[in-house]
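According to our numbering, the sequence shown is numbered sequentially starting from 1103.
Here a beta-carbon is modelled for each residue, glycine too, at the ideal position from N, C-alpha and C.
Just so it is clear, the structure is predicted and the values come from calculations on it, not from any experiment.
Only one structure is covered here, and it is reproduced in the block below.
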Amino acid sequence: MTPFFGNLLVRFNAGFLILASVGGLATDIAGSFFGRGAEAVLLNNAPGTGIGFIEAHGLALIIGVTLWRTAYSRNWHAVLAAVHVLLGTANLLFWQFFIAADVLVVGGVTTAAHWLFVVAHLAALAGSARVAAASSH
């Protein structure tokens, strides 16, 4: 993969992480502190359990902003593949939360996006390795 398209993928990923995490944080805060929104049913009478939601979405926001502002490196593809394996796996392991909160569409879209980013970043990493190997000969 050329640096132009690699950077485009990283930027697109950063935008996704920023937008999805801001939406997630809004939902987390509404459910944790105000007993409102989709997560209210999950956090009813135990708002402190929202810490994991807030940490995960907060870290995704930090990663997204960092990616948006940093210079492109093909190494980001490995990091981002790992980030999305973690997030996609967590969504699958805790799928019941999407059912209980009645947000299956959100769960489906975000989980699919995580796994699409895994595939895209692994393909970009493999492609950039081939380009680097070809240019060294």
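Alpha-carbon spacing of L1144 relative to H1159, whole angstroms: Indexing the sequence shown from 1 puts residue 1144 at position 42. Indexing the sequence shown from 1 puts residue 1159 at position 57. Between the C-alpha atoms of L1144 and H1159 there is a straight-line separation of about 16 Å.
Inter-residue spacing [alpha-carbon to alpha-carbon] between H1216 and L1189: The sequence position of residue 1216 within the sequence shown is 114, counting from 1. The sequence position of residue 1189 within the sequence shown is 87, counting from 1. In a straight line, the C-alpha of H1216 is about 7 Å away from that of L1189.
Beta-carbon gap between T1129 and A1140 smaller than 7 Å: As a working note, residue 1129 is residue 27 in the sequence shown. As a working note, residue 1140 is residue 38 in the sequence shown. The answer is yes: Cβ separation under 7 Å.
Proximity below 7 Å, CB of V1220 to CB of L1169: Sequence index remark: in the sequence shown, residue 1220 carries index 118 (1-based). Sequence index remark: in the sequence shown, residue 1169 carries index 67 (1-based). Cβ atoms of V1220 and L1169: not closer than 7 Å.
Straight-line gap, H1186 to N1147 (C-alpha atoms, nearest Å): Translated into the one-based positions of the sequence shown, residue 1186 becomes position 84. Translated into the one-based positions of the sequence shown, residue 1147 becomes position 45. C-alpha separation (whole angstroms): 31 Å.
Boundaries of the alpha helix (DSSP H) in which P1105 is found, first to last residue: Taking the sequence shown and counting its residues from 1, the one referred to as residue 1105 is at position 3. Counting along the chain, the alpha helix (DSSP H) containing P1105 begins and ends at P1105 to F1136.
S1175, DSSP secondary structure in three states: As a working note, residue 1175 is residue 73 in the sequence shown. Three-state DSSP puts S1175 in coil, outside helix and strand.
Proximity of Y1174 and N1115 at Cβ, strictly below 7 Å: Numbered from its first residue, the sequence shown carries residue 1174 at position 72. Numbered from its first residue, the sequence shown carries residue 1115 at position 13. Contact: no.
Between the CA atoms of F1118 and L1163 - distance to the nearest angstrom: The residue labelled residue 1163 in the question sits at position 61 within the sequence shown. The residue labelled residue 1118 in the question sits at position 16 within the sequence shown. Computed Cα separation, rounded: 10 Å.
Rounded separation between V1208 and W1197 - CA only: Along the sequence shown, one-based indexing puts residue 1208 at 106. Along the sequence shown, one-based indexing puts residue 1197 at 95. Answer to the nearest angstrom: the Cα atoms are 11 Å apart.
Collapsed DSSP secondary structure at G1139 in the structure displayed: On the sequence shown, residue 1139 is found 37 positions in, with the first residue counted as 1. Coil at G1139, not helix or strand.
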